[in-house]
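Protein sequences appear in the order of chains A and B. Just so we're aligned: the first sequence equals residues 264 to 562 in the working numbering. Just so we're aligned: the second sequence equals residues 1262 to 1606 in the working numbering.
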Amino acid sequence: MTQAVATSSGRPTESTPGRRAAASRERWASIRTYISAAIIVTWCLLPFYWMIITAFRDVAFTYDTAFYPTHVTLDNFRTAFATDAGNNFTLALFNSFFIGATTTLIALVVGVFAAYALARIDFKFKFVILGVILGASMFPGVALITPLFQLFTDIGWIGSYQALIIPNISFVLPLTVYTLTAFFREMPWELEEAARIDGCTPGQAFRKVIMPLAAPAVFTTAILAFISAWNEFLIASQLSSDATAPVTVAIASFAGSQPQQEPYTAVMAAGTIVTIPLVLLVLILQKRIVAGLTAGAVK
Amino acid sequence: MATRLAMPPKGKKDPNSKLHHQAAESADRRAAAKNKWASILIAPTLILLGIVIVYPIISGIVMSFQNDSGLDPDTGLFTDGGFAGFGNYTGWILQQCPAPGGGTVACPPGTLESQFWNATGITFFFAAVTVTLETIIGFWMALIMARTFRGRGLVRAAVLVPWAIPTAVTAKLWFFIFAFQGIANELFNTSILWTGSEWPAKWAIIIADVWKTTPFMALLILAGLQMIPGDVYEAAKVDGASTWQRFRYITLPLVKPALMVAVLFRVLDALRMYDLPAILTGGANGTTTLSILVVNQIRQGFNSAAALSTLTFIIIFIVAFIFVRFLGANVSEGSGVIKKAKVIK
């Protein structure tokens, strides 16, 4: 402390006690920050941690309350994938993946053009259209379910993949357009012109300059779109059959090895399988995901 | 470029006015070309949204004015429905069900109709409580995450974990935590039937929802916070503003646009809450939200369900309108702010 006062003798300094008080206040503030940060991390991760250690716990010790792994076993994962209890988790994983990927692909292929127009071209009714798309992203899925249920019953689509993909588009497409628009607005488009001046053809400028620039934005948007389709439950729970049920529906109606008993450990194992890839993906792409989330300001 | 070359020469005398005219016309044409180009690019999106949203809404509204087909309780014959007028709506709003001998009577308790106002009430209750808690906790989290300290990256990564977990899995996870022999009762040394009794069931849903969605709120508020330039705080400090004053007069007003957008998104999302109560309680113990009621009604009769989902849609629309109109949640401005925040970061 005294050293600090001595070195900064060039300008008028406060009295030493004042400085010391300020320093201790700062130390306190920093300690408080760390305590708060620890609370946030614990609150966010503890239930998740509990799911994982339960997933590895022997079913006979389901209600063990030790905060560290006990009675470790892989049985729950075997139960989760076992088909004899009536679960078909492998199929559900495939269904979720297929439905999510198809929805994302359709939304991206269609949405990328709209996003380009909204970000790059000044045209009439631009803000009306942005508003419509944003409004559509907040549209309650429950308002779609009744008419779609009847329509799909009439044409025999209940339980088909298209009956799950079509409603998903209603919220994935607006999210895609909105997020991509926000990303595209920030891209350095003048580089395209620069490439043209340097002798690129429009095709070359697009391939060599715009594509590499836009690829991360499109990729991030694809991840967000996929996650939102993967997490959908309401529509899938009503319009899917056993053969097309995605993981969210499968987990909600999971049957254990013993009937009449909630198979907690197997459900936690299934939940872990569903969650770990998402969590890893999100953590690896953390910065971009946060940027996409806040840029589009949509869930 | 092409439009300017294609300009036909005009036989006007005043060269100045001709130039003006030409410039205005070419600007017009360029705008027209832009409009055309933009509409070609946007059309597929609008058409697709029309198919997946507008068409179901309209057919839902049409359905809501039809009677449910089924066995006539009076004659025992199969009836084909027919025009119902506002009958389906009055069933929900005024609790008037068709009486066996024609006319209407008050819907008997136990019917889905009689649950309408309770469901509306509990939906708004959940929305109000969860969004309030999420705003307060989310704001606090954002303030912490905005500080510079070692391990900040870890905190920011940790908050993404609840967000990334599917709601259905979240519901199952909290169902296990709140099981009678589960860890919640063990930790607090209680023996509460969390998902099996009135208020604990509501709190279980609220806690699970707050856990899952506060991170989203925190990240949006954080984006708003990062847009506030640091020197504003320095200036306020020099002027002797206390921590509370700095929060009240700088942070709050400057973060308000982003905050309002975040709150709007969350309120609209909370009003359609389905996954958590459906899995945690199945709608038992007074936790039937409007969405759950719609789903229950679908099995009983499409047309009545269509009226209820239209009502739900109208309720959510009104709430959104009130937010934008009176509470100043300017969505485009708010997201603009968030966008700027990203650039500054």
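Where is the CB? At the ideal position from N, CA and C, for every residue including glycine.
Nearest to residue i (by Cα), restricted to the options the options
{"i": "residue 399 of chain A", "options": "A:358, A:361 and A:430", "result": "A:430"}
{"i": "residue 1480 of chain B", "options": "A:479, A:552, A:453 and A:487", "result": "A:552"}
{"i": "residue 1580 of chain B", "options": "B:1286, B:1384 and B:1345", "result": "B:1384"}
{"i": "residue 419 of chain A", "options": "A:309, A:504 and A:452", "result": "A:504"}
{"i": "residue 409 of chain A", "options": "B:1428, B:1411 and B:1317", "result": "B:1317"}
{"i": "residue 1525 of chain B", "options": "B:1426, B:1409, B:1287 and B:1587", "result": "B:1587"}
{"i": "residue 452 of chain A", "options": "A:436, A:469 and A:464", "result": "A:469"}
{"i": "residue 1426 of chain B", "options": "A:362, A:476 and A:487", "result": "A:487"}
{"i": "residue 479 of chain A", "options": "A:423, A:405, A:549 and A:414", "result": "A:549"}
{"i": "residue 1464 of chain B", "options": "B:1537, B:1288, B:1397 and B:1415", "result": "B:1537"}
{"i": "residue 1416 of chain B", "options": "A:536, A:491, A:308 and A:283", "result": "A:308"}
{"i": "residue 1418 of chain B", "options": "A:467, A:301 and A:386", "result": "A:301"}
{"i": "residue 502 of chain A", "options": "A:389, A:416 and A:463", "result": "A:416"}
Rounded Cβ spacing between residue i and residue j (contact assumed at less than 8 angstroms)
{"i": "residue 1431 of chain B", "j": "residue 1388 of chain B", "result": "Residue 1431 of chain B to residue 1388 of chain B, Cβ: 18 angstroms. No contact."}
{"i": "residue 375 of chain A", "j": "residue 1421 of chain B", "result": "About 25 angstroms; that fails the 8 angstroms criterion."}
{"i": "residue 1485 of chain B", "j": "residue 1520 of chain B", "result": "6 angstroms"}
{"i": "residue 1564 of chain B", "j": "residue 1349 of chain B", "result": "6 angstroms"}
{"i": "residue 336 of chain A", "j": "residue 319 of chain A", "result": "7 angstroms"}
Min CB distance residue i to chain B below 9 angstroms
{"i": "residue 525 of chain A", "result": "yes"}
{"i": "residue 374 of chain A", "result": "yes"}
{"i": "residue 485 of chain A", "result": "no"}
{"i": "residue 437 of chain A", "result": "yes"}
{"i": "residue 440 of chain A", "result": "yes"}
{"i": "residue 380 of chain A", "result": "yes"}
{"i": "residue 433 of chain A", "result": "yes"}
{"i": "residue 328 of chain A", "result": "yes"}
{"i": "residue 313 of chain A", "result": "yes"}
Within chain A, partners of residue i - CB distance below 8 angstroms
{"i": "residue 1428 of chain B", "result": "494, 496 and 511"}
{"i": "residue 1295 of chain B", "result": "384, 385 and 386"}
Sequence-distant residues of its chain with Cβ nearer than 6 angstroms to residue i (five each side left out)
{"i": "residue 345 of chain A", "result": "none"}
{"i": "residue 561 of chain A", "result": "Residue confidence is low: residue 561 of chain A scores 36 on pLDDT, short of 50, so the model does not pin down where it sits. Its coordinate-derived value is still stated next. Once the five neighbours on either side are set aside, the close Cβ partners of residue 561 of chain A are 400, 438 and 441."}
{"i": "residue 303 of chain A", "result": "none"}
{"i": "residue 1399 of chain B", "result": "1475, 1478, 1479 and 1482"}
{"i": "residue 321 of chain A", "result": "334 and 336"}
Proximal chain B residues relative to residue i, where beta-carbon distance stays under 8 angstroms
{"i": "residue 490 of chain A", "result": "1425"}
{"i": "residue 530 of chain A", "result": "1433 and 1437"}
{"i": "residue 425 of chain A", "result": "Within 8 angstroms Cβ-Cβ: nothing; residue 425 of chain A doesn't reach chain B, min ~11 angstroms."}
{"i": "residue 293 of chain A", "result": "1410"}
{"i": "residue 399 of chain A", "result": "1310 and 1314"}
{"i": "residue 299 of chain A", "result": "1401 and 1405"}
Cβ shell of residue i (< 7 angstroms), same chain only, five flanking positions each side left out
{"i": "residue 401 of chain A", "result": "none"}
{"i": "residue 1446 of chain B", "result": "1452 and 1453"}
{"i": "residue 1321 of chain B", "result": "1567, 1570 and 1571"}
{"i": "residue 1293 of chain B", "result": "none"}
{"i": "residue 1531 of chain B", "result": "1387, 1388, 1391 and 1392"}
Listed by chain order, chain A residues near residue i by CB distance under 9 angstroms
{"i": "residue 1552 of chain B", "result": "403, 404, 405, 408 and 497"}
{"i": "residue 1298 of chain B", "result": "380, 384 and 386"}
{"i": "residue 1570 of chain B", "result": "403, 405, 406, 407, 408, 409 and 410"}
{"i": "residue 1563 of chain B", "result": "409, 410, 412, 413 and 416"}
{"i": "residue 1535 of chain B", "result": "404, 405, 496, 497 and 500"}
{"i": "residue 1543 of chain B", "result": "Neighbours of residue 1543 of chain B on chain A: none; closest Cβ ~10 angstroms, over 9 angstroms."}
Proximal residues of chain A, C-beta to C-beta of residue i below 7 angstroms
{"i": "residue 1574 of chain B", "result": "403 and 406"}
{"i": "residue 1499 of chain B", "result": "Neighbours of residue 1499 of chain B on chain A: none; closest Cβ ~14 angstroms, over 7 angstroms."}
{"i": "residue 1416 of chain B", "result": "300, 303 and 304"}
Under 9 angstroms by beta carbon: chain E residues contacting residue i
{"i": "residue 1470 of chain B", "result": "No chain E is part of this structure, whose protein chains are labelled A and B."}
Other residues of its chain near residue i: CB distance less than 8 angstroms, five sequence neighbours each side excluded
{"i": "residue 1507 of chain B", "result": "1494, 1497 and 1498"}
C-beta neighbour in chain A for residue i, strict 9 angstroms
{"i": "residue 1447 of chain B", "result": "yes"}
{"i": "residue 1321 of chain B", "result": "yes"}
{"i": "residue 1588 of chain B", "result": "no"}
{"i": "residue 1521 of chain B", "result": "no"}
{"i": "residue 1306 of chain B", "result": "yes"}
{"i": "residue 1530 of chain B", "result": "yes"}
{"i": "residue 1382 of chain B", "result": "no"}
{"i": "residue 1524 of chain B", "result": "no"}
{"i": "residue 1516 of chain B", "result": "no"}
{"i": "residue 1612 of chain B", "result": "Given a span of 1262 to 1606 for chain B in the structure shown, any question on residue 1612 of chain B remains unanswerable."}
{"i": "residue 1350 of chain B", "result": "no"}
{"i": "residue 1461 of chain B", "result": "no"}
{"i": "residue 1457 of chain B", "result": "no"}
Neighbour list for residue i in chain B, Cβ cutoff strictly below 7 angstroms
{"i": "residue 308 of chain A", "result": "1419 and 1422"}
{"i": "residue 534 of chain A", "result": "1430, 1433 and 1434"}
{"i": "residue 356 of chain A", "result": "Result: empty, since nearest Cβ-Cβ is about 12 angstroms, beyond 7 angstroms."}
{"i": "residue 392 of chain A", "result": "1303"}
Near the ligand ZN: residue i beta-carbon under 8 angstroms from a heavy atom
{"i": "residue 450 of chain A", "result": "For the structure depicted, the ligand ZN is absent and the ligand set is empty, with no information on it obtainable."}
Cross-chain neighbours of residue i in chain B, by beta carbon under 9 angstroms
{"i": "residue 546 of chain A", "result": "1418, 1421, 1422 and 1425"}
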